[in-house]
Amino acid sequence: MTNENYYEKLKKSHPVFNDLNLDERQKESLKSLLSYSAGSLNSLRNKIAELSQDAIHSAEYKAKKLKEAKAELQKTLDREFSVFKTKTALAQQSLHSATHSEPKDSVEALLQYMQQQEIRAGLKELPSAKRIEILLDSVQRGDSTILRAVQEQPLTSDLVPGDVLDRTSTTYSKKVAPQQLESLTTAKADLEAAEKIKNLTEVALGFVERNL
2 MTNENYYEKL KKSHPVFNDL NLDERQKESL KSLLSYSAGS LNSLRNKIAE
52 LSQDAIHSAE YKAKKLKEAK AELQKTLDRE FSVFKTKTAL AQQSLHSATH
102 SEPKDSVEAL LQYMQQQEIR AGLKELPSAK RIEILLDSVQ RGDSTILRAV
152 QEQPLTSDLV PGDVLDRTST TYSKKVAPQQ LESLTTAKAD LEAAEKIKNL
202 TEVALGFVER NL
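Put into structure tokens, the structure is as follows:
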């Protein structure tokens, strides 16, 4: 069965999946989760059919066995989903490594800290618009010194509005690490879709379980 067929089968067999919209790339990147989602629902239906034919054991016994089967399916579903969390974390780490220069030793770390303090003190004396202008100009030149100084500001300080800082950080990443940023953006999109598939699968498993 193709990846698209798993996707379409889920939408046709379980109405809860009708809100799931994936492009061709995501159908491919999420194929393992789509496959497991369809497989888990089929497995639970088969278990229900098996227990329904059991004329020996009590309803309590059947309910217990069904609960155990569902728990195993949930465990594997969680494991399949965790792959996308790991991919996103690795992409974040890769982007951070490409856009941040870590101090080589404690002396360099101290010098960096002192430099950032001086930068923040200087910016504090300027009007807000001027601070933003200086920050943007430095980032356009590919220099992250001022950006990092502002990002490391104390929580009580507000040198640059948060939304401006976020956009500036993204601008810098696009300039110096476009591939890593694109990889992270893709990983986040897949993680969001994977979480939706996981949640919808859990809902569908609940519907199937109630058929016993």
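The working numbering numbers the first residue of the sequence shown as 2 and each following residue consecutively. We treat Cβ as the ideally placed atom computed from N, Cα and C, and that holds for glycine.
In this structure, the alpha-carbon of residue 170 lies about 42 Å from that of residue 40. In the structure shown, residue 211 adopts coil according to DSSP, grouped into three states. Beyond the five residues adjoining it in sequence on each side, residue 205 comes within less than 6 Å, by CB distance, of 15, 17 and 42 in the same chain, given in chain order. For residue 15, there is no enclosing alpha helix (DSSP H), as DSSP marks it with neither H nor E. Between residue 100 and residue 177, the gap from beta carbon to beta carbon is short of 8 Å. In this chain, the alpha helix (DSSP H) harbouring residue 148 covers 146–152.
Looking at the backbone, the Cα of residue 108 and that of residue 182 are separated by about 31 Å. Shown here, residue 183 sits in a helix according to DSSP, grouped into three states.
Going by DSSP, residue 163 is part of the alpha helix (DSSP H) stretching over 163–177. Excluding sequence positions up to five before and after residue 38, its CB lies within less than 7 Å of the CB of 11, 198 and 202, all in the same chain and listed in chain order.
Taking 8 Å as the cut-off, the beta carbon of residue 117 is found closer than this to the beta carbon of residue 150.
If you draw a 10 Å sphere on the C-beta of residue 57, you find fewer than 16 other C-beta atoms in it, and that means exposed. The C-beta separation of residue 31 from residue 190 comes to about 10 Å, leaving the pair out of contact by the 8 Å criterion.
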